[in-house]
Amino acid sequence: MATPTIALARRHDAALLAAMSRRLVEAGLQPQWTESRIERARQHADHVVLTARLGGSLAGFAIMQYGDDAAHLNLLAVESIYQRQGIGRQLLHWLEETACTAGTFRIRLEVRANNTSGQAFYKALGYQQTDWVRGYYQDHEDALRLERDLALIRSAGPT
Ligand SMILES: CC(C)(COP(=O)(O)OP(=O)(O)OC[C@H]1O[C@@H](n2cnc3c(N)ncnc32)[C@H](O)[C@@H]1OP(=O)(O)O)[C@@H](O)C(=O)NCCC(=O)NCCS
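Numbering (the numbering used here), first residue to last: 72 to 230.
Have a look at this one:
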């Protein structure tokens, strides 16, 4: 397992994160997560833009929006050469812990219907499908909506 440095994105990270989103998450779609949108999210109090760095290289990142009732995971990606080393799990764990600290226990996200490895990742981490949304991605591709209720896990006690 890799031990990345997990920290809030820095100024000037946005261009690289937008490029990662285009390659790893939004391939084949009109990119929605532009550099300026990511930079706005970075500066916005209800968003967290989180990075995982290994030896100075940007290995992964995630963007979460925190609401009163639920937090929404907008993006999560790990560079191909760093995948299956626990980095995605550590990014998501950091965001889940932060949501719980803020009193938000429900995490929601959408994943592309054709992204079977992304779906396997979220399901391995306790996310369950709540919906299937036709044409969610630019009327072009369906999404699975997934959710995890962290309050249930907390009330069940330590695992
Ligand atoms: C999905 C993604 C974020 C996972 O990140 P990662 O760092 O590789 O995942 P982890 O190493 O933390 O995996 C945690 C667990 O998830 C499951 N998992 C992860 N990738 C998987 C895959 N390709 N196939 C099946 N299960 C997978 C496994 O159970 C894994 O545990 P294990 O390695 O001990 O078996 C990464 O593959 C990625 O960036 N993919 C492209 C972008 C994407 O699909 N993002 C998600 C939708 S926005």
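Here a beta-carbon is modelled for each residue, glycine too, at the ideal position from N, C-alpha and C.
Proximity winner among the options, relative to residue i (alpha-carbon distances)
i: A173; options: S92, Q136 and R111; result: Q136
i: R81; options: L144, L215, R205 and L129; result: L129
i: E218; options: S226, H211, T175 and P102; result: T175
i: Q101; options: E212, R216 and S226; result: E212
i: A112; options: R94, G189 and L79; result: L79
i: Y207; options: N185, G126 and E150; result: N185
i: Q114; options: H143, A141 and D84; result: D84
i: V204; options: A214, I158, A195 and L196; result: A214
Inter-residue spacing [alpha-carbon to alpha-carbon] between residue i and residue j
i: A170; j: L163; result: 10 Å
i: H106; j: F132; result: With the sequence shown as reference, residue 106 is identified as Glu, and His is not the correct amino acid for it. Between E106 and F132, the C-alpha separation is close to 14 Å.
i: A89; j: I109; result: 7 Å
i: M104; j: G228; result: The residue asked about is misnamed: residue 104 is Trp in this sequence, not Met. Roughly 37 Å between the two C-alpha positions.
Beta-carbon proximity of residue i to residue j, cut-off 8 Å
i: A73; j: Q154; result: no
i: L146; j: V96; result: yes
i: D210; j: R177; result: no
According to DSSP, residues forming a beta bridge with residue i
i: H143; result: Q136 and R179
i: S128; result: L125
i: I77; result: A123
Collect the residues with a C-beta less than 6 Å away from any heavy atom of ligand 1 and give them in sequence order along the chain. L95, V96, L146, L147, A148, V149, Q154, R155, Q156, G157, I158, G159, R160, V182, N186, S188, G189, A191, F192 and A195
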